[in-house]
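*Asks:* Offset between the sequence shown (1-based) and my numbering: plus 50.
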Amino acid sequence: MRVGRKARSLISSYIEGTELDLDEINRLFRRILVAESAYEAAADLWEELGPPELDDDLRMSLYLQWAAFTDWVELKPEEEEEASLEMVRAAQEWLALDLADDAALDRYFDHWLHEVLGYARHETRST
Numbered sequence: 051m052r053v054g055r056k057a058r059s060l061i062s063s064y065i066e067g068t069e070l071d072l073d074e075i076n077r078l079f080r081r082i083l084v085a086e087s088a089y090e091a092a093a094d095l096w097e098e099l100g101p102p103e104l105d106d107d108l109r110m111s112l113y114l115q116w117a118a119f120t121d122w123v124e125l126k127p128e129e130e131e132e133a134s135l136e137m138v139r140a141a142q143e144w145l146a147l148d149l150a151d152d153a154a155l156d157r158y159f160d161h162w163l164h165e166v167l168g169y170a171r172h173e174t175r176s177t
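1. Classify isoleucine 82 as buried or exposed, calling it buried when 16 or more other Cβ atoms lie within 10 Å of its own Cβ.
2. Just to confirm before moving on: does the CB-CB distance between methionine 137 and alanine 85 stay below 7 Å?
3. Quick check: aspartate 107 and tyrosine 169, are their CB atoms within less than 7 Å of each other?
4. From the DSSP output, in three-state form, read off threonine 177 for me.
5. Find out if the Cβ-Cβ distance for the pair leucine 95, leucine 72 is shorter than 7 Å.
6. Does the beta-carbon distance from glycine 167 to arginine 109 come in below 7 Å?
7. On the three-state DSSP scale, how would you describe threonine 120?
8. Please list, in chain order, all residues of the same chain as lysine 56 whose beta carbon is under 6 Å from its beta carbon, the five residues on each side excluded.
9. If you follow the alpha helix (DSSP H) that valine 84 is in, where does it begin and where does it stop?
10. With a 10 Å radius around its C-beta and 16 neighbouring C-beta atoms as the bar for buried, classify glutamine 142 as buried or exposed.
11. Which same chain residues, not among the five before or five after aspartate 151, have their C-beta less than 7 Å away from its C-beta?
12. Hey, would you say alanine 92 sits closer than 7 Å to threonine 120, going by beta carbons?
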């Protein structure tokens, strides 16, 4: 390690602060990739996630993301194909993430929650 450089944590603050079973969550994400209905698989993921504790940033962020995805289909059934493609893309991106990298998780949630799904930005995380 170089002098003056901070050692990188092997666990992100998101992971450190959650009680989620990440193996189960990742299994549900993989199911979205192959399911006949991405919506049904996403609804199962959302059900597994909630309701979250307010101090669990990972669970809360995932819960909001997948609630919005399932709401998209329920409120605009004519857009189910588009929503399903986005669900698959979000699942692929999640499974490719380095879960030890807070910045990567921040970018993932910023993109999906705010840019794609339209949640207002609020500064609540201190990373």
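The beta-carbon is built from N, C-alpha and C at its ideal position, and this holds for glycine as well.
*Replies:* Short version:
1. Here the question's residue 82 lines up with position 32 in the sequence shown. When all chains shown are included, isoleucine 82 counts as buried.
2. Position 87 of the sequence shown, counted from the start, is the residue given in the question as residue 137. Position 35 of the sequence shown, counted from the start, is the residue given in the question as residue 85. In this structure, alanine 85 does not lie closer than 7 Å to methionine 137 by Cβ.
3. Walking along the sequence shown from the start, residue 107 turns up at place 57. Walking along the sequence shown from the start, residue 169 turns up at place 119. No, the pair does not count as a contact, with Cβ atoms beyond the cut-off.
4. Residue 177 sits at position 127 when you count from the first residue of the sequence shown. Per-residue confidence for threonine 177 stands at a pLDDT of 45, beneath the threshold of 50, marking its modelled position as unreliable; no derived number is given.
5. In the sequence shown, the residue the question calls residue 95 occupies position 45. In the sequence shown, the residue the question calls residue 72 occupies position 22. No; because the gap between Cβ atoms is not below 7 Å, this pair is not in contact.
6. Residue numbering aside, residue 167 sits at position 117 when the sequence shown is read from its first letter. Residue numbering aside, residue 109 sits at position 59 when the sequence shown is read from its first letter. Note on residue identity: the sequence assigns leucine, not glycine, to residue 167. No; because the gap between Cβ atoms is not below 7 Å, this pair is not in contact.
7. Position 70 of the sequence shown, counting from 1, holds the residue named residue 120. In this structure, threonine 120 counts as helix in the three-state DSSP scheme.
8. As a first step, residue 56 must be located in the sequence shown, where it is residue number 6. Confidence is the limiting factor: at lysine 56 the pLDDT is only 41, short of 50, which leaves the residue's position unreliable and the question unanswerable from this model.
9. Residue 84 sits at position 34 when you count from the first residue of the sequence shown. Start and end: 72-84.
10. As a working mapping, residue 142 is identified with position 92 in the sequence shown. Exposed is the call here.
11. As a first step, residue 151 must be located in the sequence shown, where it is residue number 101. Excluding residues within five positions, the ones whose Cβ falls inside 7 Å are Ser62.
12. Your numbering for residue 92 matches position 42 in the sequence shown. Your numbering for residue 120 matches position 70 in the sequence shown. Yes, the Cβ-Cβ distance between alanine 92 and threonine 120 is below 7 Å.
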